[in-house]
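Residue numbers (the numbering used here): -11 to 208.
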């Protein structure tokens, strides 16, 4: 996978847009975090830094982690070009995050899980970093049968069922509370459905800390 990202880093957003309308996905991610105040955000597998750029007006501080130096180089250029001053990116391993527990109000895992051998382990590590009442948002593909993506785009998993990701979230100690399925807008061959999962850290929020107001499960 690292060789793939090194080769495709500069045009990664264009590659990703072949699968689904990115503006629609970005809108849904913002909506999934709209009901909470976010001091600190962690974007795991930040890639080009696009989600940090989109969410930067709503947060005090954002950190993007990626294992690929090539991707991080693109992200730094993009964030500087966009004038984003409250976000930074650095190299890190999603399976071994050198950060203390309870560090972030929100953690985003955007189009990352299908590249991983052990998605459940990555979500456990993400959940560890959430503060009480914090939110984990995962964006990835629904199950599909496009086998060529394994070789052409280094995919290790051909999408995920709704219950699989919710199950991993629950095993990590989180409370799943939202799911969205975004089917492709056209019937173009190879177009994929994108799914969005959200879960909340169920621990009581300290009285002095901001808290999300909506906790009821939403499914659409």
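Beta carbons are placed, not taken as given, at the ideal position from N, Cα and C, and that holds for glycine. The model shown is predicted, which means the values in this text are computed figures rather than measured ones.
- Out of 25, 80 and 184, the CA that lies nearest to the CA of residue 120 is found in 25.
- Proximity of the segment 101 to 112 to the segment 144 to 156 meets the contact definition, three or more beta-carbon pairs being nearer than 8 Å.
- Per DSSP, the continuous beta strand (DSSP E) segment holding residue 166 begins and ends at 163 to 170.
- Checking the DSSP bridge columns, you'll see residue 84 partnered with 81.
- Boundaries around residue 127 are those of the beta strand (DSSP E), 118 to 129, since no alpha helix (DSSP H) includes it.
- Closest option to residue 84, judged by alpha-carbon separation, among 66, 22, 75 and 113: 113.
- Following the DSSP letters along the chain, one finds residue 152 inside the alpha helix (DSSP H) bounded by residues 150 to 159.
- Leaving aside the five residues that flank residue 10 on each side, none in its chain has a CB nearer than 6 Å to its CB.
- Straight-line measurement puts the Cα of residue 188 at about 12 Å from the Cα of residue 167.
- If you ignore the 5 residues before and after residue 20, its C-beta comes within less than 7 Å of the C-beta of 125, 166, 184 and 186, all in its own chain and listed in chain order.
- Taking the Cα of residue 75 as reference, the smallest distance to any Cα among 195, 48 and 54 is reached at 48.
- The segment 62 to 69 makes no contact with the segment 84 to 95: fewer than 3 CB pairs, one atom from each, lie closer than 8 Å.
- When only Cα atoms are considered, residue 150 and residue 89 end up about 27 Å apart.
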